[in-house]
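Numbering (the numbering used here), first residue to last: -6 to 348. We treat Cβ as the ideally placed atom computed from N, Cα and C, and that holds for glycine.
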């Protein structure tokens, strides 16, 4: 009989895609995969399309927003735990893996009440509240970045699981004498600040010094972003969403992007230097810490959104575009930071605790 695992991950691609990478690895090893997520969610659309069975529970964030939400939070947690209890009793997994999202808290607590080994993985440089709490009861704690759970923690640093085609990208070659290529993206939903500021910044650069531009505008933001480029008379290939990010990474010489955990991990694997503009409203400002990991290593530049203007972005971009040797050095530093075997290592730990 195949070994069984329940994977808990949801809410955003930053949780779901790393979990899918682990699920694919375990599936290849003969494991039976089930997924715990939320209804009408990102994972409810994506996970079944990858061939994995999905169970849903109604879960809410632990940090309630507003007085009423905070008062209802304990009742909602108990209700979610009851739903998770029924799912896990039916699935009978030999290990539960938590990769983030609202479902992880109730599912993680219930797994330990049922004496099922619990493995949690933190994708960001600063752990979220759920993982900080679950780390106290988890069988094994994994982290993408060194020191996420503190210098004295017992967490194992494994990196972030990423898609195999990105993990396999080769060492970046030196940039030849062709026009440089800029990739701009803010996640599947886009980033309004980038959509507005990047076209204006590029307009301040002499036309002969401008890079070729490919810009992922995000859902429902294509028309307004394309209009911004046209208004500033800057040529760009603007798309709503890029399906083949590995090809986009191969094409680009530099990126301007947010600093989510998955983005930072993929930049490292691709060996792509970047100007990182962290989302300023991320919980615990974790995107700034993610970006700091790259910038301190000389693999990227950190530009807080509060300091980003067309002028400041144009100046930073101009300096980088003018020095191809430094761009290549940054690319090599980024590539050297990557942990390409993260999915395998997470799968190994799951097998160890389930044995």
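DSSP three-state call for residue i: helix, strand or coil?
{"i": "residue 7", "result": "helix"}
{"i": "residue 278", "result": "helix"}
{"i": "residue 307", "result": "helix"}
{"i": "residue 51", "result": "coil"}
{"i": "residue 261", "result": "helix"}
{"i": "residue 101", "result": "helix"}
{"i": "residue 64", "result": "helix"}
{"i": "residue 202", "result": "helix"}
{"i": "residue 74", "result": "helix"}
{"i": "residue 301", "result": "coil"}
{"i": "residue 288", "result": "helix"}
{"i": "residue 69", "result": "helix"}
{"i": "residue 108", "result": "coil"}
{"i": "residue 16", "result": "helix"}
{"i": "residue 237", "result": "coil"}
{"i": "residue 80", "result": "helix"}
{"i": "residue 22", "result": "coil"}
{"i": "residue 254", "result": "helix"}
{"i": "residue 243", "result": "helix"}
{"i": "residue 35", "result": "helix"}
Since residue i contacts residue j with CB under 8 Å, what's their CB separation in whole angstroms?
{"i": "residue 209", "j": "residue 153", "result": "Rounded, the Cβ-Cβ distance is 20 Å, inconsistent with contact."}
{"i": "residue 19", "j": "residue 347", "result": "Not quite, the Cβ-Cβ distance comes to about 10 Å (not below 8 Å), so this is no contact."}
{"i": "residue 2", "j": "residue 93", "result": "6 Å"}
{"i": "residue 218", "j": "residue 303", "result": "Their Cβ separation, rounded to whole angstroms, is 15 Å, which puts residue 218 and residue 303 out of contact at 8 Å."}
{"i": "residue 50", "j": "residue 73", "result": "5 Å"}
{"i": "residue 351", "j": "residue 175", "result": "The chain is shown only over -6 to 348; residue 351 falls outside these bounds and no answer can be derived."}
{"i": "residue 35", "j": "residue 6", "result": "7 Å"}
{"i": "residue 118", "j": "residue 138", "result": "4 Å"}
{"i": "residue 168", "j": "residue 328", "result": "Their Cβ separation, rounded to whole angstroms, is 14 Å, which puts residue 168 and residue 328 out of contact at 8 Å."}
{"i": "residue 215", "j": "residue 192", "result": "The pair is not a contact, with the Cβ atoms about 13 Å apart (cut-off 8 Å)."}
{"i": "residue 69", "j": "residue 53", "result": "5 Å"}
{"i": "residue 87", "j": "residue -3", "result": "5 Å"}
{"i": "residue 165", "j": "residue 264", "result": "4 Å"}
{"i": "residue 113", "j": "residue 91", "result": "4 Å"}
{"i": "residue 40", "j": "residue 77", "result": "Not really, about 16 Å apart at Cβ, beyond 8 Å."}
{"i": "residue 29", "j": "residue -1", "result": "6 Å"}
{"i": "residue 252", "j": "residue 269", "result": "4 Å"}
{"i": "residue 105", "j": "residue 342", "result": "Residue 105 to residue 342, Cβ: 17 Å. No contact."}
{"i": "residue 64", "j": "residue 194", "result": "Rounded, the Cβ-Cβ distance is 46 Å, inconsistent with contact."}
{"i": "residue 199", "j": "residue 212", "result": "Their Cβ separation, rounded to whole angstroms, is 33 Å, which puts residue 199 and residue 212 out of contact at 8 Å."}
Pull the bridge partners of residue i from the DSSP assignment, please.
{"i": "residue 294", "result": "268"}
{"i": "residue 208", "result": "177, 231"}
{"i": "residue 248", "result": "176, 267"}
{"i": "residue 149", "result": "135"}
Give the range of the beta strand (DSSP E) segment to which residue i is assigned.
{"i": "residue 28", "result": "25 to 30"}
{"i": "residue 90", "result": "88 to 91"}
{"i": "residue 111", "result": "111 to 115"}
{"i": "residue 136", "result": "133 to 136"}
The alpha helix (DSSP H) that contains residue i, what's its start and end?
{"i": "residue 43", "result": "Neither: residue 43 is in no alpha helix (DSSP H) and is coded neither H nor E."}
{"i": "residue -1", "result": "From DSSP, residue -1 is part of no alpha helix (DSSP H) but of the beta strand (DSSP E) over -3 to 1."}
{"i": "residue 185", "result": "185 to 196"}
{"i": "residue 342", "result": "335 to 347"}
{"i": "residue 215", "result": "215 to 224"}
{"i": "residue -6", "result": "It is not in any alpha helix (DSSP H) - residue -6 carries neither H nor E in the DSSP assignment."}
{"i": "residue 140", "result": "Careful: residue 140 lies outside any alpha helix (DSSP H) and carries neither H nor E."}
{"i": "residue 159", "result": "157 to 160"}
{"i": "residue 329", "result": "317 to 330"}
{"i": "residue 125", "result": "122 to 127"}
query: Per the contact definition of three or more C-beta pairs closer than 8 Å, is the stretch 269 to 276 in contact with the stretch 182 to 191?
result: Segments in contact, yes.
task: Report yes or no: do three or more beta-carbon pairs, one from the stretch 295 to 313 and one from the stretch 129 to 145, lie closer than 8 Å?
output: No, they do not touch.
task: Pair every Cβ in the stretch 153 to 172 with every Cβ in the stretch 246 to 266, then say whether three or more of these pairs are closer than 8 Å.
output: Output reads yes: the stretch 246 to 266 touches the stretch 153 to 172.
query: Touching or not, the stretch 320 to 338 and the stretch 71 to 90, by the rule of three or more beta carbon pairs under 8 Å?
result: Output reads no: the stretch 71 to 90 does not touch the stretch 320 to 338.
message: For the structure I just gave you, are there three or more beta carbon pairs, one from the stretch 139 to 152 and one from the stretch 225 to 237, closer than 8 Å?
response: The stretch 139 to 152 makes no contact with the stretch 225 to 237, as fewer than three CB pairs between them are under 8 Å.
query: Do the stretch 232 to 247 and the stretch 280 to 299 make contact, defined as three or more Cβ pairs closer than 8 Å?
result: No, because fewer than three Cβ pairs between the stretch 232 to 247 and the stretch 280 to 299 fall closer than 8 Å, the two stretches do not touch.
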